[in-house]
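Have a look at the structure below, then the notes.
Numbering (full-length UniProt numbering), first residue to last: 1 to 579.
See below:
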């Protein structure tokens, strides 16, 4: 049977999974950026690479994608899950807390970049409508590429990471009105653009308002119900349903699925299930984003680059230079040092993934000349391809600049929220709650994880920093900045879960202090062997307190009794310390 006679998408799914299964471990072993890896593989196995030789060599059909459309559906899902994760990161409270950077810095970046690039496009003979669309869409950067780079380098919590994230956040918010604008400009009716924009905006506001109003009263109770059952499969299903369901609803209302996914993330970001959902959705996002980057690589035609050996590279350099210069000045004005501003400007200089969506829509509506549209897609694709390498150059250049001119400390640096020096409490029952109260009284920051949804709801109502999640999953603890915590306290009463948690935490952070509660001495020995720093059997304190009451009854002096109990406590705890 021919590869393309198989059920729809089966060949593409199998080929991509095979590539991902080989590619991801290889990239990790070689310390190669996965974005760059998927882009390069897309170029090699795509329709402009080996895929163009399938007619002369039919066996290549099993190893290549002969059409970019073959992975377009999967690539769109990758962007949808990316927008969902961005929504999870946002939350209304965080958006408001970062409003100066998001709506100040982000607004200026998009506005100035769009005016500059749009003006150049108009000067080259494009129509006013085409120039507006190109100016705005090329002002956007690649959220997928930049967030991947920041996450890998663990820089999201730094001032540069927060400023960069704020710019990307505003760009993502601006995608929605841009899609509406393209749709309106593409309509051939005699109505005015202003009237059509007003109608579209009203419809969008009503749709978003209804989804947010209804969703906020459905999502939290639904997650509570599923969480109470402690069925991980059901939790995953509800997460996917929320993401794709809201995305489909927004498409039916005439808005983009990406906007719906962003809104779904915002809905969940307001709940205590946020971190657990992030961990649940991460594998899907990673795989589908890989498909997206491969599809971008498939759109890069090497022969077209060779046919325009001067114009295409100059256009890429021009877009990168314009955006980088504007961003460097803005980052500096908003408090970053010259070195970090330079690094951030270079990092955000590329075109973004939404250019493929917006320019594709504009081509379908005949707003942009096909030759210009396809050329600009090549520019965007190439700029994304070289971003990982440029970012390394930007960091070295930024470090060199800061070393020469000095790196001042700004007020914004102190105000940016950076969680560190905190304690993570796994299990927030009676023991965990007592520990949390004691830490709060001493002004020590802490975060708690609990898998009892009802208890989490109750504690959240009391403004306790408690989140729903299974503490035996170390990847969830990393979401709570395990690498910057001073200690982890395990109070769970489930033997297997506590043991699994100790092993996972120790594998992730070999040096962090782990204090664990044990049910009995056998459990204490197992936790010690797994890597717990301190283990306290729950029978120990009750036994010591009972012994103390006996001493009191027998008339043993209080100081003597206290000393005896302390000696016995120290002796028994020492038995459960790592050998």
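Glycine residues also receive a C-beta, built at the ideal position from the N, C-alpha and C atoms.
task = Spell out the partners DSSP gives residue 516 in its beta bridges.
result = 490, 535, per the DSSP bridge assignment.
Task: Residue of 132, 210, 172 minimising C-alpha distance to residue 184 - done: Among 132, 210, 172, the Cα nearest to that of residue 184 is on 132.
Got a sec, what are the start and stop residues for the beta strand (DSSP E) residue 450 sits in? Element bounds for residue 450: 446-450.
- request: Assign residue 48 to one of three DSSP states: helix, strand, or coil.
  value: coil
Practice prompt. Tell me residue 426's beta-bridge partners as DSSP assigns them.
Written response: 449, 490
Taking the Cβ atom as the reference point for each residue, do residue 377 and residue 318 lie within a distance shorter than 9 Å? For the pair residue 377 and residue 318, the CB atoms are not nearer than the 9 Å cut-off.
Original post:
Considering residue 334, what are the terminal residues of the beta strand (DSSP E) in which it resides?
Top reply: Residue 334 -> no beta strand (DSSP E), and no H or E assigned at all.
CA-to-CA distance, residue 227 to residue 454, given in whole angstroms: 9 Å
Buried versus exposed call for residue 562 [16 or more other C-beta atoms within 10 Å across all chains shown]:
Per the 10 Å Cβ criterion, exposed.
Based on DSSP bridge pairs, tell me the residues matched to residue 467. 449
Query raised in the report: Cα separation between residue 553 and residue 274?
Result: 52 Å
Checklist entry - Who are the near neighbours of residue 398 in its chain, counting only those whose CB is closer than 7 Å to its CB and skipping five residues on each side? => result 339, 340, 342, 343, listed in sequence order.
Go ahead and pull the three-state DSSP assignment for residue 496. helix
DSSP state of residue 84, grouped into three classes?
helix
Checklist line | Where residue 409 sits in the DSSP three-state scheme | finding: Because the pLDDT at residue 409 is just 46, under 50, the model does not fix this residue reliably, and the value given afterwards should be weighed accordingly. If DSSP states are grouped into helix, strand and coil, residue 409 belongs with coil.
### Message
I need the boundaries of the alpha helix (DSSP H) containing residue 271, first residue and last residue.
### Response
Looking at the DSSP string, residue 271 is not in any alpha helix (DSSP H), and its letter there is neither H nor E.
- prompt: Is the beta carbon of residue 143 sitting closer than 9 Å to the one on residue 347?
  reply: no
**Prompt:** Applying the criterion that 16 or more other CB atoms from any shown protein chain within 10 Å of the CB defines a buried residue, is residue 269 buried or exposed?
**Reply:** buried
Expressed to the nearest angstrom, what Euclidean distance is found between the alpha-carbon atoms of residue 272 and residue 467? A direct Cα-to-Cα measurement between residue 272 and residue 467 gives close to 5 Å.
Close Cβ partners of residue 409 (< 8 Å) along its chain, the five nearest in sequence each way excluded: Confidence is the limiting factor: at residue 409 the pLDDT is only 46, short of 50, which leaves the residue's position unreliable and the question unanswerable from this model.
Check your understanding: Any contact of the segment 347-356 with the segment 318-337, i.e. 3+ C-beta pairs under 8 Å?
Key -> Short answer: they touch.
- Message: I need the straight-line Cα distance from residue 560 to residue 569, nearest angstrom please.
- Response: Cα to Cα, residue 560 sits roughly 14 Å from residue 569.
Exercise. Name the residue from 166, 39, 109, 80 whose alpha carbon lies nearest to the alpha carbon of residue 102.
Key: 166
### Task
Note down the Cα distance separating residue 430 from residue 450, rounded to an integer number of angstroms.
Rounded to whole angstroms, the separation of the alpha carbons of residue 450 and residue 430 is 12 Å.
Same chain, Cβ closer than 8 Å to residue 326, neighbours up to 5 away in sequence not counted
109, 112, 113, 116, 345
Do residue 215 and residue 242 have their C-beta atoms closer together than 9 Å? yes
Review point. Would you call the segment 371-387 and the segment 421-429 in contact, with 3 or more CB pairs under 8 Å?
Key: no
* Asked: If we ignore side chains and look at the alpha-carbon of each, how far apart do residue 206 and residue 281 end up?
  -> 28 Å
message: Quick check: residue 118 and residue 105, are their CB atoms within less than 9 Å of each other?
response: no
### Message
If contacts are defined as beta-carbon pairs under 8 Å, then residue 296 and residue 39 qualify, I think. What distance do you get, rounded to the angstrom?
### Response
6 Å
Q) So, helix, strand or coil for residue 206, using DSSP? A) Note: residue 206 maps to helix in three-state DSSP.
Is residue 301 helix, strand or coil by DSSP?
coil
Under the three-state reduction of DSSP, which class applies to residue 19: helix, strand or coil? Helix.
- Item | Contacts around residue 580, its chain only, beta-carbon distance under 7 Å, and the 5 residues preceding and following it disregarded | Residue 580 falls outside the range modelled here, since the chain spans only 1 to 579, and no answer is possible.
Check residue 54 in the structure and name its three-state DSSP category.
coil
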